[in-house]
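Throughout, my numbering is defined as the position within the sequence shown, counted from one, plus 345. Structure first, commentary second.
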Amino acid sequence: MAVKNVVLCVDIGGSSIKAAQFSYTADGNMVLDKFAYSEFASDTEGSGTDAMLNALADTLQSNDFDAKDVHISISGQSSFIRFVKVPSMTTDREKVKEIISYEAKQTIPFPIDEVVWDSQIIEPAENSEDNEIDAMLVIVKNEDAMRIVQCVESLGLHVRIIEVAPTACYNAARANMVGNNQCEMILNIGGKCSSLIFVDGGRFFVRSIPISGNTITQQIAKEFNIPYAEAEEMKRRHGFVALGGAYEEPESAVAATVSKIVRNVMTRLHAEINRSVNVYRASQHGHKPEKLYLTGGSSILPFTPRFFAEKLRVPVEYFNPFQVVQLGPDINADTLRDFAHLFGELVGLALRYIGNPPISISLIPETVRKQHIFRTKRPFFYASAISLIVYLGITAWALHIQKDAIENKQASFRRIVEDKKKTDNDVRRAYAEFTSAQQTFDAITKHLEHRENWITFFDLLQYCIPHNVWFSKIAVEKAPLVTPVVAAQTRAQQPEEDIGGEDDDFDMASLFSRRRSRDDSDSKKAAPAMDMSAKWLNMDAYIIGNKGVDYLVPEANETIGLLSDHLKKAGLFEGNLEPQQDANTYNFNISKFRASIELKNPINSAEYTAVLRKITMPTKKSSAAQGE
């Protein structure tokens, strides 16, 4: 059974397989539980892929690892690393990724569909230009990555991460405080290539150098004209870095020759290191390296630290990545000490499990990535399928149980529907009767609304009339009286009627009677009923003034003006009072005039009725004041 919170980290070198299982405590500490190391034969020409895969499978099977999740790093020889500068045209990370992707397609020297690649934005140097972004591109062949994944997953394990050895080693170095305060280098002398890693604060730079332990073995085989395997054995038995100068050579001629070969190769490697330092400082604006750490299988040749300390004039020591790792109870510290310098990549891989290290790249092939996504969602698919089956079963059971109840309810609903239909018919008939009655009621109400119009109108008119004015004739007609000029001409030609003199009693009833008789005679010639659109009030009126002709006319004009003001204030009338005053005076103080005034709304109209309802009648006191 798989153990929780454990991960198996595997570093695939040029000629060896390193594996270690790490577990994690509740407080975040990382514990080394198991480790294994194995070598495989690699020829001088090929890459030894089959031998590597066999050694990988054997290492994972024979060491009783419990973890199912696997993190893998592959040698720098099998990868392609490039550092590029892209224009900083935007701060949007998605846009920056698109720019880096475009740059990658231009930089990668292989068809893009044959490789797996990823990128990482690198922290810029202190004196770098603001308009550029430093990025690292890491590329491996899709075929190589797929072979490794298939080999591991055929054992029932799951590959979660694939990255290259230099980035894994850099993460381990940062965790162990390497390069925090100054620029420091890590030289990994591997089986088939060497990697020089610059750790400069948050900056990262790496250069792969094709000089390695395999180079030494090839030179020995060439010098002694022996097979590669014998040369490798000779290197392991007699190899060390010759001190040079006045130092005494070893007694064995073979050892002396081998040591000189080793020194020559190391000298070439030193030259490449100097070249790499110059490239880093020139192109990446990096600082001068102040220290060198050694790692890798070929770095354990005797006097290697001393050689590089003399050549580079900086302190040199082996890199110990286990300063941030606790040892499990089954770990032999003495045995681990012999391999500690080889396990930097494994510690870097283990750090990926518990957080976000400085560099996080993933070289999982796209097909494998999709399989992983599907695998993570598989439990949800199973749960959904089981839920669906359970749901269908419950639904079928519920339908079976409720079948009779539904049929009974349907019969009950049918009876209710029939009753509701009968009720609906009754309601429709009642509604039709109600609508008919409502229409009749509305018609009657419309007529009743005009019932008090005349009463209210005459009451209001009575309040508007000054105390010395009375009307002898009032008519609501469609048109006003003729204009004053025309009226004067007409009056001169026609006899005066209903003037009223000293002997007249000004009987208002007789005046209305005579008016009605005349209107009746006129109605025989005109329309039988008054037009409802009539909105002109035509009137004949008399004014009682002070005796004396000299005062009558001004007083009459003043009274007519007062009447006009009262009518306008009443709110029913549109225009001003335009009187046609009679020039004659009767009984010395009575003056007659005729006038027309326009109503704002036709009498008996809805608007007229609404206006009358809003009018507040003056009080008797205000009326008396008005008369005065």
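Glycine included, C-beta positions come from ideal geometry on N, C-alpha and C.
Which one or two residues does DSSP pair with residue i in a beta bridge?
{"i": "Q465", "result": "M481"}
{"i": "F549", "result": "V544"}
{"i": "Q366", "result": "L353, K379"}
{"i": "Y887", "result": "W815, K937"}
{"i": "W881", "result": "E822, E943"}
{"i": "Q527", "result": "DSSP lists no partner for Q527."}
{"i": "K486", "result": "V460"}
{"i": "L637", "result": "M530, V661"}
{"i": "H503", "result": "D414"}
{"i": "P899", "result": "Answer is none; P899 lacks a bridge partner."}
{"i": "I739", "result": "Note: I739 sits in no beta bridge, so no partner."}
{"i": "F425", "result": "I484"}
{"i": "K430", "result": "D479"}
{"i": "I419", "result": "I357, V509"}
{"i": "L672", "result": "L377"}
{"i": "E384", "result": "S361"}
{"i": "I554", "result": "S539"}
{"i": "F918", "result": "L944"}
Compute every distance between the C-beta of residue i and the non-hydrogen atoms of the ligand COA, then say whether any falls below 8 Å.
{"i": "I706", "result": "Looking for the ligand COA in the displayed structure turns up nothing, as the structure carries no ligands at all."}
Run the CB neighbour count on residue i, radius 10 Å, all protein chains shown included, and call it buried at 16 or more, exposed below.
{"i": "Q629", "result": "buried"}
{"i": "V441", "result": "buried"}
{"i": "K880", "result": "buried"}
{"i": "I331", "result": "The structure shown has nothing for residue 331, since the chain only spans 346 to 973."}
{"i": "F425", "result": "buried"}
{"i": "S499", "result": "exposed"}
{"i": "Q838", "result": "No answer about Q838 holds up, because its pLDDT of 35 lies below 50 and its placement is not dependable."}
{"i": "I734", "result": "exposed"}
{"i": "T740", "result": "exposed"}
{"i": "G547", "result": "exposed"}
{"i": "G916", "result": "exposed"}
{"i": "P899", "result": "exposed"}
{"i": "H792", "result": "exposed"}
{"i": "A775", "result": "exposed"}
{"i": "E1059", "result": "Past the edges of the chain, shown from 346 to 973, lies residue 1059, and the structure says nothing about it."}
{"i": "L694", "result": "buried"}
{"i": "Y625", "result": "buried"}
{"i": "G906", "result": "exposed"}
{"i": "D489", "result": "buried"}
{"i": "V762", "result": "exposed"}
{"i": "H911", "result": "buried"}
For residue i, collect the residues of the same chain with a Cβ closer than 6 Å to its Cβ; drop the 5 residues on either side in sequence, then sort them by chain order.
{"i": "S621", "result": "L541, R552"}
{"i": "L353", "result": "Q366, F410, A412, V415"}
{"i": "L614", "result": "I556"}
{"i": "Q527", "result": "E635"}
{"i": "I819", "result": "M884"}
{"i": "V523", "result": "E529, V544"}
{"i": "I357", "result": "I419"}
{"i": "M875", "result": "Any reading at M875 must be qualified, since the residue scores a pLDDT of 43, below 50, and its modelled position is unreliable; the value itself is stated next. So the list is empty, once near-sequence residues are dropped."}
{"i": "A566", "result": "Y573, A576"}
{"i": "L805", "result": "A915"}
Give me, in chain order, the residues of the same chain whose beta-carbon lies closer than 7 Å to that of residue i; leave out the 5 immediate sequence neighbours on both sides.
{"i": "V659", "result": "P634, E635, K636, L637"}
{"i": "Q406", "result": "L500"}
{"i": "K870", "result": "In this predicted model, K870 has a pLDDT of only 46, less than 50, meaning its place in the structure is not dependable; the value taken from the coordinates is given anyway. The answer is none, since no qualifying residue turns up."}
{"i": "L646", "result": "G584, F585, V586, V607"}
{"i": "P469", "result": "D479"}
{"i": "F648", "result": "F585, V586, L588"}
{"i": "N487", "result": "E459, V460, V461, P710"}
What does a CB cutoff of less than 8 Å around residue i pick up in its chain, not counting 5 residues either side in sequence?
{"i": "K748", "result": "none"}
{"i": "I554", "result": "C538, S539, S540, L541, L614, E617, I618, S621"}
{"i": "A824", "result": "W881"}
{"i": "P454", "result": "F425"}
{"i": "I699", "result": "Y369, G373, M375"}
{"i": "V431", "result": "V441, I444, I445, E448, E477, I478, A480"}
{"i": "A601", "result": "A587, E594, P595"}
(Q) Quick test of the definition: if touching needs 3 or more C-beta pairs under 8 Å, does the segment 419 to 428 touch the segment 506 to 519? (A) As far as the Cβ criterion goes, the segment 419 to 428 touches the segment 506 to 519, which means the pair count is three or higher.
Q: May I ask you to verify whether the segment 668 to 682 touches the segment 584 to 599, counting CB pairs closer than 8 Å and requiring at least 3?
A: By the C-beta criterion, the segment 668 to 682 is judged not to be in contact with the segment 584 to 599, since fewer than 3 inter-stretch pairs fall below 8 Å.
(Q) Would you call the segment 684 to 693 in contact with the segment 657 to 674, where contact means no fewer than 3 C-beta pairs closer than 8 Å? (A) They touch, by the three-pair rule.
Q: Take every Cβ of the segment 393 to 403, pair it with every Cβ of the segment 461 to 471, and state whether three or more of those distances are shorter than 8 Å.
A: The segment 393 to 403 vs the segment 461 to 471: no contact.
Q.
Whether or not the segment 477 to 496 and the segment 447 to 456 are in contact is what I'm after, with contact meaning three or more pairs of Cβ atoms, one per stretch, closer than 8 Å; do they touch?
A. With a cut-off of 8 Å, the segment 477 to 496 and the segment 447 to 456 count as touching, because enough Cβ pairs lie within range.
**Q.** the segment 697 to 710 contacting the segment 644 to 655, beta-carbon criterion three pairs below 8 Å
**A.** Below 8 Å, too few C-beta pairs join the segment 697 to 710 and the segment 644 to 655 to call them touching: fewer than three.
(Q) Just to confirm the assignment: which complete alpha helix (DSSP H) runs, minimum length 4, are found wholly within the segment 675 to 708? (A) Within the segment 675 to 708, the runs of alpha helix (DSSP H) at least 4 residues long that lie entirely inside it are, in chain order, 678 to 684, 689 to 699.
Q. Do three or more CB pairs link the segment 581 to 589 to the segment 598 to 608 at distances below 8 Å?
A. Touching, yes.
Q: Mind listing, in chain order, the continuous beta strand (DSSP E) runs of no fewer than 3 residues lying wholly within the segment 572 to 655?
A: The segment 572 to 655 contains, as complete beta strand (DSSP E) runs of 3+ residues, the segments 636 to 640 (chain order).
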